[in-house]
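In numbering that gives the first Met the number 0, the protein residues as written are 0 to 225. Scroll down for the structure; my scribbles are underneath it.
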Amino acid sequence: MEPLSLFKKTVYFLLGKYKHLTKRAANFFFDLCYGLDTRHHVSIEVLGTDPTLCYGYEATDWISFKSVLKRLDIKSTDTFLDLGSGKGRALLIASEFPFRKIIGVEISKELCDLARKNVERYLQRKKAQCGHIEIVNANAFTYRVPSEVSVLYLADPFPGKTLDRVLNNLVGLVKIDLRRVLVIYGGSQFCGKFTAFSNIKELPSVSGYQFYKIYEFSPNPAVCVL
Ligand SMILES: C[S@@+](CC[C@H](N)C(=O)[O-])C[C@H]1O[C@@H](n2cnc3c(N)ncnc32)[C@H](O)[C@@H]1O
């Protein structure tokens with residue numbers, strides 16, 4: 000290998016390593032500074048949920064998710080929903096933006112209880128822009144997305160069967176209510192499910208520490224806002 004390409008490869012390798020370490024350190028300090036418990040993975044076996052409808056718990060990366068929300072033009076009329084909210088990290092990150100309301104839906108009662116504690120601790124220590132946070136213990140498979148929701152986060156919380164159901168419901172609701180919903184999707188496996196609908200439009204992606212796709216659900220696909 001030529002010295003220059005070896006040098007380039009080494010630089011990219013170190014940058015990759017550095018990003019990963021920064022991300023881990025930020026997530027660690029985030030929990031430490033605010034007295035939270037959001038970091039540790041919880042397997043589907045421990046949660047005892049149905050593996051055909053659910054995945055286990057894995058926290059959203061603090062830095063990359065914040066950078067996604069920064070790129071959206073969040074208004075005080077917007078409501079944020081995290082379907083599969085786990086220990087509530089994305090809800091805490093969203094609270095730093097001027098949402099009217101923040102909702103987390105989580106199938107595990109234990110994780111809902113933990114998320115409520117995390118929210119309480121966080122709001123005691125940090126002056127949030129949105130302190131109106133509600134956590135609902137429900138299955139996304141049957142949950143009806145409230146008409147006030149304008150930003151929906153799917154961190155890649157469940158398998159295709161549940162995602163199909165959620166997307167079909169949402170597409171129907173958007174047509175009935177004539178409203179527009181932005182969906183932030185943290186997965187990569189099921190992007191084709193979004194683009195299969197004619198009234199879901201993919202907006203320019205946000206890459207950072209993690210790759211996110213943003214989809215606009217609307218009665219008629221409109222102009223990109225990013
Ligand atoms: C990848 S974690 C999401 C983490 C979270 N959004 C965050 O901000 O850190 C996926 C979560 O979705 C939950 N989940 C999986 N299937 C679900 C379903 N059908 N209904 C509701 N929650 C579900 C899991 O219990 C888990 O806590």
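Beta carbons: idealized from backbone N, C-alpha and C, even for Gly.
On a Cα-Cα basis, can you pick out the residue from the options that is closest to residue i?
| i | options | result |
| --- | --- | --- |
| tryptophan 27 | Tyr56, Lys8, Thr51 and Asp60 | Per the sequence presented here, residue 27 reads as phenylalanine, with tryptophan not at that position. It is Asp60 whose Cα lies nearest to the Cα of phenylalanine 27. |
| valine 150 | Asp176, Leu5 and Val180 | Val180 |
| leucine 202 | Arg70, Lys174 and Gly87 | Arg70 |
| leucine 162 | Arg178, Glu105, Ile132 and Phe193 | Phe193 |
| leucine 113 | Asn136, Ser94, Cys129 and Lys126 | Asn136 |
| arginine 115 | Thr37, Val165 and Val148 | Thr37 |
| serine 142 | Ile106, Gln128 and Glu133 | According to the sequence as given, residue 142 is tyrosine; it is not serine. For tyrosine 142, the nearest C-alpha among the options comes from Ile106. |
| tyrosine 251 | Leu90, Asp81, Leu110 and Ile62 | Nothing about residue 251 can be read from this structure; the chain reaches only from 0 to 225. |
Does DSSP put residue i in a helix, in a strand, or in coil?
| i | result |
| --- | --- |
| glutamate 95 | coil |
| leucine 225 | Caution is warranted here: a pLDDT of 39 is assigned to leucine 225, below 50, making its placement in the model unreliable, and the coordinate value is therefore given only provisionally. It is coil, neither helix nor strand. |
| proline 158 | coil |
| threonine 21 | helix |
| valine 118 | helix |
| asparagine 168 | helix |
| isoleucine 183 | strand |
| leucine 177 | coil |
Tell me where the beta strand (DSSP E) around residue i begins and ends.
| i | result |
| --- | --- |
| lysine 126 | Neither: lysine 126 is in no beta strand (DSSP E) and is coded neither H nor E. |
| valine 150 | 150 to 153 |
Going by DSSP, what residue range makes up the alpha helix (DSSP H) through residue i?
| i | result |
| --- | --- |
| glycine 191 | 190 to 194 |
Quick one: which unbroken beta strand (DSSP E) runs of 3-plus residues sit fully inside the segment 27 to 96? Chain order, please. 78 to 82
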